[in-house]
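Right, one structure below, let's go through it.
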Amino acid sequence: MAKLIDTTRRGLVRGAGAAALLTGVGMPAIVRAQADAVRIGHLTPRTGFLGPLGEYAVMAVDLAVEEINAAGGVMGRKLEAIKEDSVNPQTASTKAERMVERDKVAALVGEISSASCLTISQVAERSKTLFVNTGGNSDSLRGKDCKRYMFHVESQNTTYVKTAGQALKARGLITGKKVYSLTADYAFGHDLTAVAKKFLAANGATLVSDDLVPTDASDFSSYLLKIRAAAPDLVISNLAGNQITNFLKQYAEFGLTHAVAGFGFDTALAWAAGKDNFAGIWPVMWHHLIDAPSSKAFVAAFTKKYGKPPENQAWGDYVAVKALAQSMNEIKSADSAKIIEHWEKGAKFDALHKREAYFRASDHQLIHEAYAIEALKPAEVKNQWDLFKSSDPVPGPNESLEAIFTQGDEIVCKF
Amino acid sequence: MLDGAFMLFVQQLLNGLLDGVYYLLIALGLSLIFSLGGVVNLAHGAFFAVGAYLTVAISPYVGFSGALVMSPLAVALLGVLIERFMLRRFYRSDPILSLLLTFGLAMVAEQGLRWIFGAAPLSYSMPTALRGQIFLGSFVYSYYRTILLGVAILCVVALWLLLNKTSFGRVVRAGVQNPDMVGALGISLQPYMTAVAAIGIGLAGLAGVLLAPIYAVHPAMGQEIITPAFVVCVIGGLGSFWGVVVAALLVGLVKGFMVAIDMSAFSIAAIYLMMLVILLVRPRGLFGERIQRFE
């Protein structure tokens, strides 16, 4: 019999390297555009750990474009979205550039990763093309890295922390209490934890420990044992993506009873954790149970089209595309500079909340209502989607909408 | 206080050891398939993910215990088909080809899961009967994980017995060391290779079932587990059953240790550093045997 195998021991080591490579490969989805349509370029991570959220973003864009075209399009022309997987900051920037140069898009929309937002915003600034960020949370994008050509439908970490923080404070879980936090060990987590620490210190909480969790860690048992030994009053998650689901599942598994909350959140992660595991208080900029007519219409249309309710990432991309089309129709122009001028003058939008939203001229942040949601007990849950009850809109009806956003000295953006 | 801190430290080390057991189920199959077939199975993580997804899909009908039996069997069957129609063609060829094949398979599987089940993670909870914790003094442990541990130990023991105490195992071990000699003795390794693929891939499916209740079930879950599993194989050394076992426990231990000493940010990096150091000192891994044809 001939030699069955011809290989080397090093093949295995090579395999380990190739396995690591698997993570970095994405697939382009190139869609040809029609000549006479008004085009927008949509970029968001569709693979990798943010992929699950990116999928909701893409579904929302498709729905928004469909609705806009059914209502007559943009300035009598068809609206067309060119959608691609942004993969990583470098690829995002290359694809953004191609969309601007080759496809002549009127605007860029999308993203979840703050790092990719930054590289896209550089392309936007250079090519004078409007970019609407729908998912990047980092404060620096609205601060030292702010750009004239970049607007933000997604809110920043400060807003998330203030929204959840106020709800936690009202429940007596902050002032004079011991807090233990887990932080995702990458840019988003670091940015979020810095804002969280500021809030905790300003409101009299003691941070007993802040553990950095590597992004590829999926087992939390050792952290849970530490938390149990530290006996904090509140456990804060500054985690992201599937790690939140893993954490919640294992938190329930270990039977820990300390109050849980988080400063960053996406509804899909609660749905993945399920009613038996989802716990705590979390901030959202929008959720599918909001009692506003436009929100209900969006949820109904989305559910009809896709068979499941929209997640909060779907909200961001839907609102961005709708706002763009609405403004183009209002000012009869798809020119980025004209849209920016219009938005900076305080154009109002229905961002699927009770109160109307607007972009703040000082840092281009969409100013709108937010919510703190709280997990229902398993027995109170009626279906797999409605796992939580919501606070009233934050800020309250008599407060300025800007109360939960950066204010005064916190706004450091200079265009 | 010192006593409390010490107890916590001990508990962390124990927990780390148990954490390593999850990698073990993946790594054993990976090591077995490479040792006998010379195929670096990059799709091994995908089988793990398929095991988890099958569990979510069939649990409503057959329960978790039904899934515990049926999912690994189904995944093993899938493994047999893939061995029969794909892997088999590559035993004799340049290893880079089988690497490319399984790399492609992993991507197809992940994208397939995304297609069928959606990109969003699926909801899956532990059956009520398996919930709860075990307390031993200041020690606490999840009841479910003790079951998981039990199943893993059972698998390791059964696999060891199969490889060391049966005629099947004798042929497999001989095949790892010297396939030509086995052929000269008139034994075809082909059916053994099929069986080894079924066992190894079935174990990955079993790990998928066992981890579905405590991990997020999402399309890329296979990718997440395959890299540490490879590290375990490399540290343990080829052809060594106990090498893989010791390496898996060691990887868990190092991770737990790093968290215990408040260096959690480096808990994953420490594993790779350990691999680097071990390979520098022992290029064949901890217990890697000298296998003539791999040198």
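Chains as they are written, first to last, in my numbering: chain V, 1 to 415; chain L, 1001 to 1295.
Just so it is clear, CB atoms sit at the ideal spot from N, CA and C, and this is done for glycine as well.
Kindly indicate which three-state DSSP category residue i falls into: helix, strand or coil?
i	result
Asn398/V	coil
Arg39/V	strand
Leu225/V	helix
Ala1129/L	helix
Met285/V	coil
Val1140/L	strand
Ile1214/L	coil
Lys83/V	strand
Arg46/V	coil
Phe405/V	coil
Leu53/V	helix
Val1015/L	It is worth fixing the name first, because residue 1015/L is Asn in this sequence and not Val. Asn1015/L: helix per DSSP, three-state reduction.
Asn137/V	coil
Arg1284/L	coil
Thr175/V	coil
Leu207/V	strand
Phe265/V	coil
Met75/V	coil
Leu387/V	coil
Gln365/V	strand
Thr1146/L	helix
Met27/V	Because the pLDDT at Met27/V is just 43, under 50, the model does not fix this residue reliably, and the value given afterwards should be weighed accordingly. Coil, per DSSP.
His152/V	strand
Gly1202/L	helix
Tyr186/V	coil
Ile411/V	coil
Asn238/V	strand
Would you mind sorting residue i into buried or exposed? The rule is 16 or more other CB atoms within 10 Å of its CB.
i	result
Ser1059/L	buried
Lys389/V	exposed
Phe1302/L	The structure shown has nothing for residue 1302/L, since chain L only spans 1001 to 1295.
Ser1267/L	buried
Thr1102/L	buried
Gln156/V	buried
Lys3/V	Below a pLDDT of 50, predicted positions are generally treated as unreliable, and Lys3/V, at 43, falls in that range; the measurement from the model is reported next regardless. Exposed.
Pro1121/L	buried
Trp1115/L	exposed
Gly1285/L	buried
Arg1170/L	exposed
Leu1154/L	exposed
Val461/V	This structure cannot settle anything about residue 461/V, because the visible part of chain V is limited to 1 through 415.
Thr267/V	buried
Pro293/V	exposed
Met1181/L	exposed
Gln407/V	exposed
Asn398/V	exposed
Tyr1061/L	exposed
Arg126/V	exposed
Asp1019/L	buried
Arg1290/L	exposed
If residue i sits next to residue j, beta carbons under 8 angstroms apart, how far is it from one beta carbon to the other, in whole angstroms?
i	j	result
Ala320/V	Val153/V	5 angstroms
Glu416/V	Thr44/V	Residue coverage of chain V in this structure runs from 1 to 415, which leaves residue 416/V outside it and unanswerable.
Asn329/V	Val123/V	Incorrect: roughly 26 angstroms between the Cβ atoms, too far for contact.
Ser1142/L	Phe254/V	5 angstroms
Asp363/V	Cys413/V	4 angstroms
Pro232/V	Val195/V	About 19 angstroms; that fails the 8 angstroms criterion.
Leu1024/L	Val1245/L	6 angstroms
Gly1016/L	Gly1256/L	2 angstroms
Gly1045/L	Ile1201/L	With a Cβ gap of about 11 angstroms, Gly1045/L and Ile1201/L do not count as contacting.
Val65/V	Leu50/V	Wrong, their Cβ atoms sit about 22 angstroms apart, outside the cutoff.
Consider the Cβ of residue i: report whether some Cβ of chain C lies at a distance smaller than 9 angstroms.
i	result
Gly316/V	Among the protein chains in the structure shown, which are V and L, there is no chain C.
Taking only beta carbons into account, state which residues of the segment 1002-1031 of chain L come closer than 9 angstroms to chain V, listed in chain order. Gly1004, Ala1005, Met1007, Leu1008, Gln1011, Gln1012, Asn1015, Gly1016, Leu1018, Asp1019, Tyr1022, Leu1030 and Ser1031
Interface positions of the segment 249-262 of chain V facing chain L (Cβ-Cβ less than 7 angstroms), listed along the chain: Under the 7 angstroms Cβ criterion, the segment 249-262 of chain V contributes Lys249, Gln250, Glu253, Phe254 and Gly255.
Output, in sequence order along the chain, the residues in the segment 38-55 of chain V whose CB is closer than 9 angstroms to any CB in chain L. Arg46, Thr47, Gly48, Phe49, Gly51, Pro52, Leu53, Gly54 and Glu55
Contact list for the segment 1233-1265 of chain L against chain V, Cβ threshold 8 angstroms: Within the segment 1233-1265 of chain L, the residues whose Cβ lies closer than 8 angstroms to some Cβ of chain V are Cys1233, Val1234, Leu1238, Lys1255, Gly1256, Val1259, Ala1260, Asp1262, Ser1264 and Ala1265, listed in chain order.
Residues of the segment 212-235 of chain V in Cβ contact with chain L at a cutoff of 8 angstroms, in chain order, please. Leu212, Val213, Pro214, Asp216, Ala217, Ser218, Asp219, Ser221, Ser222, Tyr223, Leu225, Lys226, Arg228 and Ala229
Would you list, in chain order, the members of the segment 376-387 of chain V that have their beta-carbon closer than 8 angstroms to a beta-carbon of chain L? Near chain L, meaning a CB-to-CB distance below 8 angstroms, the residues of the segment 376-387 of chain V are Gln384.
Write down every uninterrupted run of the beta strand (DSSP E) in the segment 1018-1052 of chain L whose length is 3 residues or greater and which is fully enclosed by it, in chain order. Listed in chain order, the beta strand (DSSP E) elements of length 3 or more contained wholly in the segment 1018-1052 of chain L amount to none.
Would you list, in chain order, the members of the segment 175-190 of chain V that have their beta-carbon closer than 8 angstroms to a beta-carbon of chain L? Asp185
Contacting positions in the segment 78-89 of chain V - beta carbon closer than 9 angstroms to chain L: For the segment 78-89 of chain V, which is checked against every Cβ of chain L, not one residue is closer than 9 angstroms.
Relative to chain L, which residues along the segment 269-284 of chain V have a C-beta separation below 8 angstroms, given in chain order? Leu269, Trp271, Ala272, Ala273, Gly274, Lys275, Asp276 and Asn277
Tell me the start and end of each unbroken alpha helix (DSSP H) in the segment 302-368 of chain V that is at least 4 residues and wholly inside, in chain order. Correct list: 312-331 and 336-344.
Residues of the segment 236-247 of chain V with a CB closer than 7 angstroms to any CB of chain L: list them in chain order, please. Asn242, Thr245 and Asn246
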